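Read in order, the letters of the sequence shown correspond to residues 0 to 59 in numbering that gives the first Met the number 0. Idealized CB from N, CA, C, for every residue including glycine. Note that the structure is a prediction, hence the values are computed from the model and not measured. Quick notes on the structure that follows.
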Amino acid sequence: MKKKTTKKVVTKKIFCTVCPKWEIKRPERCSNILVHKSKTHYFCTKKCKERFEKAPEKFI
Ligand SMILES: [Zn+2]
């Protein structure tokens with residue numbers, strides 16, 4: 000049997016940078032966004048954003 004290696008087009012999921020288990024389901028409506036080194040980071044809460052701002056190296 001032939002194995003098909005079809006690549007599925009996965010819609011990129013966006014997770015909170017501080018707690019990666021937390022999916023940002025509506026990034027377009029997310030107000031906790033921070034651009035760090037030309038990369039956009041999303042956060043589930045303002046607290047997460049503040050934590051990232053204090054020590055971005057810890058999360059990237
Ligand atoms: Zn978070």
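Residue i, DSSP secondary structure in three states
{"i": "Phe14", "result": "strand"}
Which residues DSSP lists as bridging residue i, in chain order
{"i": "Glu27", "result": "DSSP, once it has assigned bridges, lists no residue as partnering Glu27."}
{"i": "Val34", "result": "Thr39"}
{"i": "Glu49", "result": "According to DSSP, Glu49 bridges with nothing at all."}
{"i": "Glu56", "result": "Answer by DSSP bridge pairing: none, since Glu56 is not bridged."}
For ligand 1, residues whose Cβ lies under 7 Å from any non-hydrogen atom: Going by the Cβ distance cut-off, the answer is Cys15, Val17, Cys18, Trp21, Phe42, Cys43, Thr44 and Cys47.
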